[in-house]
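The structure under discussion appears below in the form of structure tokens.
Residue numbers (our numbering), protein chains in the order written: chain Y, 19 to 344; chain P, 19 to 344.
Following this line, the structure appears as structure tokens:
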């Protein structure tokens, strides 16, 4: 951590392990924010490492995880949740005394369980989850502004020293994020309903649509502007990351999915028995939630369904010459 | 219909009944496209009629539906599907001989059933459904470019004269839309999967999230950027319109919902039993569908999850002064 008071640095040497969308954005945000001295990067894929060099995402791109973390006062693991235990085991012997270890995983209980056994004495672990992302993956998808005005949730353990938690908080605040803290278990429940189950049902409906006999895929694609295309955006997220989320947050996902299915049964009955008042009441309530999300700045109020800038420009025809003559 | 060849007009006098998002956009697109002579508007709500006058959406705003349709060679009903039968009954005696009647309803079978019995001899009915919209409602939400590059589906009856179908097609092409034709029954099946069921499950998950005891509404709202907020956008659509869709496309919606639920049961089992390969395979396939939708121009490839221009500008801090000192 920063030695000289007033140096403006939160960490002297930051190591980012895993340069996907989030890892690349962390590197870019760290460079822009200035709260970090040297940025070291490592990715298990040689192709990704080469691309990280080309994109200039880091000051140093190391060839091994051991080399990468050596001498770093902060290490952020930006790998899929399922890989995090193995990566922790690999780097553990090479972590500098006093270093702060963190991650960006979308699941926290399983990450704490996977990392804690490998933690050397004198290294603090402060699990973190920036609630931000796009439907794109890989180092090219990263951008420095990804975390601006988004929430980053820290789930510090009882053993996490206060200074380590404060350091991670300062780093994310420097990225423009807002920081909250909660327990790993509560995090996993909150994210199950705000992120994991929405992804599960988006993946599901896109799969259903792709396997119908009565409606062709080409029709599904053509007429997707009626709502379906918004689900495909979510269902285009990284498959490895999301496989690992569901494998590692099973209990909370199944609990929230159970609630979703109970409610859907009630809604299905309303449709079957033509309960217009029930439908109208639900559809009015859900509109209010949307208004709150826009009000707290987690969403834009722009009419996105219209995708005004998405259409190909079409010549406004004033000829209409193919019209009928009466 | 246009008398003078070369006048460039598809219809001489267009009447828009119902000035919500779609009706207002039809009026604006008609004015911009130039394929129409005079634009007459009527809405059952006096407040909406007054607003239509203020916004200058039409050349004439009539006080009654009867007055509005009199002398018009084209009448487009832009009212909720559940109201369309009553509106057809009200205007039928006043429709000009030779007039072409159309609509913009999201359901076609029920609309054909509701309108056909009221159709006077000499008036053609060409049902239409522009697959376009936003999450906003009312005359202020309309804009001329809404239909650009979007599909408009016509479901002409056997009795629809060819010239009438061609006129409606030319009108929508003049709005920048692409036009397809199919049977009402097939339309209702296609839209059930591409639009109606997606809306149903979006409304449902937003309702589920709002009624949890373990996660507060304020947490749902704060952390909505993880996927949930995209569902709230869809679940903010007009309650009356959507109530009527589900009441009037019950069979197809229940059929597609049944398929969705079968698939979701299989997915739920994959999560429960930790079938990582099964999850990865599904998540990879769904990504490909997304790519196709972008490829055919029904969606932008921009990384919308990031909502780059949505965040409040955050000062990039280079102080990080609150960080720990080692």
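Every residue gets a Cβ at the ideal spot worked out from N, C-alpha and C, and that includes glycine.
query: Of all the options 115(Y), 300(Y), 275(Y) and 72(Y), which has the alpha carbon lying nearest to the alpha carbon of residue 290(P)?
result: On the second chain, residue 290(P) is found 272 positions in, with the first residue counted as 1. The option with the nearest alpha carbon to residue 290(P) is 275(Y).
- request: Tell me whether residue 188(P) is buried or exposed, calling it buried when 16 or more other Cβ atoms sit within 10 Å of its Cβ.
  value: To locate residue 188(P), count along the second chain from 1; it is residue 170. Classification of residue 188(P): buried, given that the 10 Å Cβ count is 16 or more.
- prompt: From residue 261(P) to residue 316(P), what distance separates their C-alpha atoms?
  reply: Locating residue 261(P) in the second chain gives position 243, counting from the first residue. Locating residue 316(P) in the second chain gives position 298, counting from the first residue. Straight-line Cα distance between these residues: approximately 26 angstroms.
- prompt: Cα separation between residue 329(Y) and residue 243(Y)?
  reply: The residue labelled residue 329(Y) in the question sits at position 311 within the first chain. The residue labelled residue 243(Y) in the question sits at position 225 within the first chain. In this predicted model, residue 329(Y) has a pLDDT of only 33, less than 50, meaning its place in the structure is not dependable; the value taken from the coordinates is given anyway. About 11 angstroms.
Min CB distance residue 61(Y) to chain P below 8 angstroms: Counted from its first residue, the first chain places residue 61(Y) at position 43. So no, residue 61(Y) is outside the interface.
Selection from 202(Y), 204(Y), 155(Y) and 266(Y) that minimises the alpha carbon distance to residue 257(Y): Indexing the first chain from 1 puts residue 257(Y) at position 239. Selected option, being the one with the closest Cα: 155(Y).
task: Closer than 7 angstroms by C-beta to residue 200(Y): which residues in its own chain qualify, once you throw out the five before and the five after it? Chain order, please.
output: Position 182 of the first chain, counting from 1, holds the residue named residue 200(Y). Around residue 200(Y): 171 and 173.
task: In angstroms with no decimal places, state the Cα-to-Cα distance between residue 78(P) and residue 219(Y).
output: As a position in the second chain, residue 78(P) is number 60, starting the count at 1. As a position in the first chain, residue 219(Y) is number 201, starting the count at 1. Taking the straight line joining both Cα atoms gives about 47 angstroms.
message: Distance check for residue 134(Y) and residue 140(Y), CA to CA, integer angstroms please.
response: Locating residue 140(Y) in the first chain gives position 122, counting from the first residue. Locating residue 134(Y) in the first chain gives position 116, counting from the first residue. Per the coordinates, the alpha-carbon of residue 140(Y) lies some 13 angstroms from the alpha-carbon of residue 134(Y).
task: Please classify residue 173(Y): does DSSP put it in a helix, a strand, or coil?
output: Translated into positions along the first chain, residue 173(Y) becomes position 155. Coil.
query: So, are the CB atoms of residue 102(P) and residue 132(P) less than 8 angstroms apart?
result: Walking along the second chain from the start, residue 102(P) turns up at place 84. Walking along the second chain from the start, residue 132(P) turns up at place 114. Yes, Cβ-Cβ distance for residue 102(P) and residue 132(P) is below 8 angstroms.
message: Can you find the residues in the same chain that come closer than 8 angstroms, C-beta to C-beta, to residue 120(P), ignoring five residues on each side of it along the sequence?
response: On the second chain, position 102 is the one that residue 120(P) refers to. Correct list, in chain order: 92, 93, 94, 95, 143, 144, 145, 146 and 186.
message: I'd like the span of the alpha helix (DSSP H) that includes residue 49(Y), first residue to last.
response: For the purposes of this step, residue 49(Y) is taken as residue 31 along the first chain, with counting starting at 1. Start and end: 39–51.
- prompt: Based on the DSSP output, what are the partners of residue 388(P) in its beta bridges?
  reply: With chain P represented from 19 up to 344, any question about residue 388(P) goes unanswered, as that position is not in the structure.
query: Around the C-beta of residue 20(Y), are 16 or more other C-beta atoms found within 10 angstroms, so that it is buried, or is it exposed?
result: Within the first chain, the letter at position 2 stands for residue 20(Y). Note on residue 20(Y): pLDDT 44, under 50, position unreliable in the model; no value is reported.
- prompt: In chain order, what residues of the stretch 231–257 of chain Y put their CB closer than 7 angstroms to some CB of chain P?
  reply: 232, 233, 237, 238, 239, 240, 241, 242, 243, 244, 245, 246, 247, 248, 249, 250, 251, 252, 253, 254 and 257
- request: Would you list the one or two residues that DSSP bridges to residue 147(P)?
  value: For the purposes of this step, residue 147(P) is taken as the residue at position 129 of the second chain. Partner(s): 171(P).
field: Under 7 angstroms (Cβ pairs) to chain Y, residues found in the stretch 269–282 of chain P
entry: 271, 272, 275, 277, 278, 281 and 282
- prompt: For residue 238(P), which of helix, strand or coil comes out of DSSP?
  reply: On the second chain, position 220 is the one that residue 238(P) refers to. Helix at residue 238(P).
message: Restricting to Cα atoms, I'd like to know which of 150(Y), 285(Y) and 127(Y) is closest to residue 214(P).
response: Your numbering for residue 214(P) matches position 196 in the second chain. The shortest Cα separation from residue 214(P) among 150(Y), 285(Y) and 127(Y) belongs to 285(Y).
task: Determine whether the Cβ of residue 190(Y) lies closer than 8 angstroms to any Cβ atom of chain P.
output: What you label residue 190(Y) is simply residue 172 of the first chain in a count that begins at 1. Answer no: the Cβ-Cβ gap between residue 190(Y) and chain P never drops below 8 angstroms.
- prompt: Where do the ends of the beta strand (DSSP E) carrying residue 59(P) lie?
  reply: As a first step, residue 59(P) is located in the second chain; it is residue number 41 there, counting from the start. In this chain, the beta strand (DSSP E) harbouring residue 59(P) covers 54–60.
message: Run through chain P and tell me which residues come within less than 9 angstroms of residue 218(Y), C-beta to C-beta.
response: Start at 1 with the first residue of the first chain, and residue 218(Y) comes out as number 200. Chain P residues near residue 218(Y): 282, 285, 286 and 289.
- request: Can you have a look at residue 263(P) and say buried or exposed, based on whether 16 or more other CB atoms are within 10 angstroms of its CB?
  value: Locating residue 263(P) in the second chain gives position 245, counting from the first residue. Residue 263(P) comes out buried.
- prompt: Closer than 7 angstroms, Cβ to any Cβ of chain P: which residues of the stretch 132–158 of chain Y, in chain order?
  reply: 149, 150, 151, 152, 153 and 154
task: Determine the DSSP secondary structure at residue 30(P), reduced to helix, strand or coil.
output: Within the second chain, residue 30(P) is the residue found at index 12, counting from 1. Note: residue 30(P) maps to strand in three-state DSSP.
field: Alpha-carbon to alpha-carbon, residue 282(Y) and residue 296(Y)
entry: Position 278 of the first chain, counting from 1, holds the residue named residue 296(Y). Position 264 of the first chain, counting from 1, holds the residue named residue 282(Y). Answer to the nearest angstrom: the Cα atoms are 13 angstroms apart.
query: Under three-state DSSP, which class holds residue 142(P)?
result: The count along the second chain starts at 1 and reaches residue 142(P) at position 124. In this structure, residue 142(P) counts as strand in the three-state DSSP scheme.
message: Quick check on residue 176(P) - is its C-beta less than 8 angstroms from some C-beta in chain Y?
response: Here residue 176(P) is taken as the residue at index 158 of the second chain, counted from 1. For residue 176(P), the answer is no, since every Cβ of chain Y falls outside 8 angstroms of its Cβ.
- prompt: Can you tell which of 112(Y), 51(Y) and 298(Y) has the C-alpha that lies nearest to the C-alpha of residue 137(Y)?
  reply: Within the first chain, numbered from 1, the residue matching residue 137(Y) stands at position 119. The option with the nearest alpha carbon to residue 137(Y) is 112(Y).
message: At the level of alpha carbons, what is the spacing between residue 270(Y) and residue 309(Y)?
response: The count along the first chain starts at 1 and reaches residue 270(Y) at position 252. The count along the first chain starts at 1 and reaches residue 309(Y) at position 291. Computed Cα separation, rounded: 27 angstroms.
query: How is the beta strand (DSSP E) around residue 197(Y) delimited, first residue to last?
result: Taking the first residue of the first chain as position 1, residue 197(Y) is located at position 179. First-last of the beta strand (DSSP E) with residue 197(Y): 196–199.
message: Helix, strand or coil, according to DSSP, for residue 224(Y) in the structure here?
response: Counting from one through the first chain, the residue named residue 224(Y) turns up at place 206. In the displayed model, residue 224(Y) falls within a helix according to three-state DSSP.
- prompt: Would residue 203(P) pass as a contact of residue 127(P) if the rule is Cβ separation under 8 angstroms?
  reply: Taking the first residue of the second chain as 1, we reach residue 203(P) at position 185. Taking the first residue of the second chain as 1, we reach residue 127(P) at position 109. Contact check for residue 203(P) against residue 127(P) passes: the beta carbons are separated by less than 8 angstroms.
query: Where residue 129(P) and residue 100(P) are concerned, what is the direct C-alpha to C-alpha distance, given to the nearest angstrom?
result: Residue numbering aside, residue 129(P) sits at position 111 when the second chain is read from its first letter. Residue numbering aside, residue 100(P) sits at position 82 when the second chain is read from its first letter. Going from the Cα of residue 129(P) to the Cα of residue 100(P) covers about 8 angstroms.
- prompt: What residues in the stretch 296–310 of chain Y have a beta carbon less than 7 angstroms from any beta carbon of chain P?
  reply: 297, 298, 300, 301, 302, 303, 304, 305, 307, 308 and 310
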